[in-house]
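Novice:
Residue numbers (the numbering used here): 45 to 302.
(1) Mind checking whether residue 126 and residue 108 have CB atoms under 9 Å apart?
(2) Please state the DSSP three-state secondary structure of residue 146.
(3) Tell me whether the segment 134 to 153 and the segment 113 to 125 touch, counting them as touching only if at least three CB pairs, one residue from each stretch, are closer than 8 Å.
(4) Roughly how many angstroms separate the alpha carbons of residue 67 and residue 247, rounded to a whole number?
(5) Check whether the segment 238 to 245 touches the segment 258 to 269, taking contact to mean three or more Cβ pairs, one atom from each stretch, closer than 8 Å.
(6) Do residue 215 and residue 154 come within 9 Å of each other at the CB atom, strictly closer than that value?
(7) Give the single residue among 150, 118 and 287 whose Cα lies nearest to the Cα of residue 223.
(8) According to DSSP, is residue 161 part of a helix, a strand, or is it coil?
(9) Taking the C-alpha atoms as reference points, what is the distance between residue 283 and residue 277?
(10) Taking three-plus beta-carbon pairs below 8 Å as touching, is the segment 110 to 120 in contact with the segment 199 to 207?
(11) Under DSSP, the beta strand (DSSP E) around residue 256 begins and ends at which residues?
(12) Please report how far the alpha carbon of residue 189 lies from the alpha carbon of residue 167, in whole angstroms.
(13) Are residue 186 and residue 219 touching if we call contact CB-CB under 9 Å?
(14) Taking the continuous beta strand (DSSP E) assigned at residue 128, which residues delimit it?
(15) Report the CB separation of residue 245 from residue 252 in whole angstroms; it is logged as a contact under 8 Å.
(16) If you compare alpha carbons, which of 149, 165 and 181 is closest to residue 212?
(17) Under 9 Å, Cβ to Cβ, is there at least one residue of chain D near residue 126?
(18) Secondary structure at residue 176, three-state DSSP: helix, strand or coil?
(19) Give the secondary structure of residue 166 by DSSP, where H, G and I count as helix, E and B as strand, and everything else as coil.
(20) Per DSSP, what kind of secondary structure is residue 237 in: helix, strand or coil?
(21) Are there 16 or more other CB atoms within 10 angstroms of the CB of residue 195, so buried, or fewer, so exposed?
(22) Whose CA, out of 193, 182, 112 and 180, lies closest to the CA of residue 170?
(23) Assuming the contact rule is C-beta atoms closer than 8 Å, residue 230 and residue 151 should be a hit. Round their C-beta distance to whole Å, please.
(24) Contact check, residue 158 vs residue 207 under 8 Å by CB: the rounded distance?
(25) For residue 181, count the other beta carbons within 10 Å of its own beta carbon; 16 or more makes it buried, fewer makes it exposed. Which is it?
(26) Does the beta-carbon of residue 163 have 16 or more other beta-carbons within 10 angstroms, so that it is buried, or is it exposed?
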């Protein structure tokens, strides 16, 4: 219970802070309120072998770079691929702290955000046509599909197309990888599943008395629901083989023996 946790919290929290996900993962965030109605941003990472980490509470968007620097200081030497939602400035922060990392913006988030103002009568058709873009065989086929999309919808939904074009390289990064890896890369769904657990906890309470109280509750919640998020990626052995081919020693030196 929380009383027992209070007695050993410093040791437990030190263990959480020192636990570092390795080599490959995604991130996103959710929020909660602490004293004085201050909104606290909760950052989390999910490594490919199913290890999740509450990285840090933050109070401002411009602190995302500090979160990354903190992770690097704690031993996350390298991240092969970041899969992120469309948070302003986050790609720049990643490039500064992990300049070798590939940045993949989440396709699911992009479809959702870019079609927000599409007419109800068009929404199914627009999403279907966008699907032909991100399920294309390769970059060339994706570009052809996008050009066809422009012909069909360009005059009516110019801003939607501008949004995709502006983020094109980061949306299509997953196209450079084999099919075994693609779905794992282009969506943050595994991280979102973790956040559903956290949001369910947060939704039931208006505010916490302190950041520490909030973090303790989240820790207990995650430990209670451990089976729902601590799992390896589907087909992980095959994915490992592909990553070794692509990245060689940069990836293999981080592997953990089963």
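In this text, a Cβ means the ideal position worked out from N, Cα and C, and glycines have one as well.
Note that this is a predicted model, so its numbers are computed, not measured.
Specialist: Based on what the coordinates show:
(1) The residue given as residue 126 occupies position 82 in the chain shown. The residue given as residue 108 occupies position 64 in the chain shown. Going by C-beta atoms, residue 126 is not nearer than 9 Å to residue 108.
(2) What you label residue 146 is simply residue 102 of the chain shown in a count that begins at 1. DSSP places residue 146 in strand when its eight states are reduced to three.
(3) Segment contact: the segment 134 to 153 against the segment 113 to 125, three or more CB-CB distances shorter than 8 Å; contact assigned.
(4) Position 23 of the chain shown holds residue 67. Position 203 of the chain shown holds residue 247. Low local confidence applies: a pLDDT of 42 at residue 67 is under 50, so the model's placement there is unreliable, with the coordinate-based value given in what follows. Residue 247 has its alpha-carbon roughly 32 Å from the corresponding atom of residue 67.
(5) Yes: at least three Cβ pairs fall under 8 Å.
(6) Along the chain shown, one-based indexing puts residue 154 at 110. Along the chain shown, one-based indexing puts residue 215 at 171. Yes, the pair counts as a contact, with Cβ atoms nearer than the cut-off.
(7) Against the chain shown, residue 223 aligns to sequence position 179. It is 287.
(8) Looking up residue 161 in the chain shown gives position 117. If DSSP states are grouped into helix, strand and coil, residue 161 belongs with coil.
(9) Within the chain shown, the letter at position 239 stands for residue 283. Within the chain shown, the letter at position 233 stands for residue 277. Cα to Cα, residue 283 sits roughly 9 Å from residue 277.
(10) Too few Cβ pairs lie closer than 8 Å, so no.
(11) The residue you call residue 256 lines up with position 212 of the chain shown. DSSP places residue 256 in no beta strand (DSSP E) but in the uninterrupted alpha helix (DSSP H) bounded by 255 to 268.
(12) Looking up residue 189 in the chain shown gives position 145. Looking up residue 167 in the chain shown gives position 123. Residue 189 and residue 167 have their C-alpha atoms spaced approximately 17 Å apart.
(13) Looking up residue 186 in the chain shown gives position 142. Looking up residue 219 in the chain shown gives position 175. In contact: residue 186 and residue 219 (Cβ atoms closer than 9 Å).
(14) Here residue 128 corresponds to residue number 84 of the chain shown, with the count starting at 1. Annotation: the continuous beta strand (DSSP E) that includes residue 128 extends over 123 to 128.
(15) The residue given as residue 245 occupies position 201 in the chain shown. The residue given as residue 252 occupies position 208 in the chain shown. With a beta-carbon spacing of about 10 Å, residue 245 and residue 252 fall beyond the 8 Å limit used to define contacts.
(16) Within the chain shown, the letter at position 168 stands for residue 212. For residue 212, the nearest C-alpha among the options comes from 149.
(17) Included in the structure is just one protein chain, with no chain D present.
(18) Looking up residue 176 in the chain shown gives position 132. Looking at residue 176 - three-state DSSP - the assignment turns out to be helix.
(19) In the chain shown, the residue the question calls residue 166 occupies position 122. Three-state result, residue 166: coil.
(20) What you label residue 237 is simply residue 193 of the chain shown in a count that begins at 1. Here DSSP, grouped into helix, strand and coil, assigns residue 237 to helix.
(21) For this step, residue 195 is matched to residue 151 along the chain shown. Residue burial annotation: residue 195 is exposed, with fewer than 16 other C-beta atoms found within 10 angstroms of its C-beta.
(22) If you number the chain shown from 1, residue 170 lands on position 126. Comparing alpha-carbon positions, the option among 193, 182, 112 and 180 lying closest to residue 170 turns out to be 193.
(23) In the chain shown, residue 230 corresponds to position 186, counting from 1. In the chain shown, residue 151 corresponds to position 107, counting from 1. With 8 Å as the limit, residue 230 and residue 151 qualify as a contact, their Cβ atoms being about 4 Å apart.
(24) Locating residue 158 in the chain shown gives position 114, where the first residue counts as 1. Locating residue 207 in the chain shown gives position 163, where the first residue counts as 1. Taking a contact as a CB-CB distance under 8 Å, the pair residue 158 and residue 207 counts as one, their CB atoms being some 5 Å apart.
(25) Here the question's residue 181 lines up with position 137 in the chain shown. Exposed.
(26) As a working note, residue 163 is residue 119 in the chain shown. Within a 10 Å sphere around the beta-carbon of residue 163 sit fewer than 16 other beta-carbons, which makes this residue exposed.
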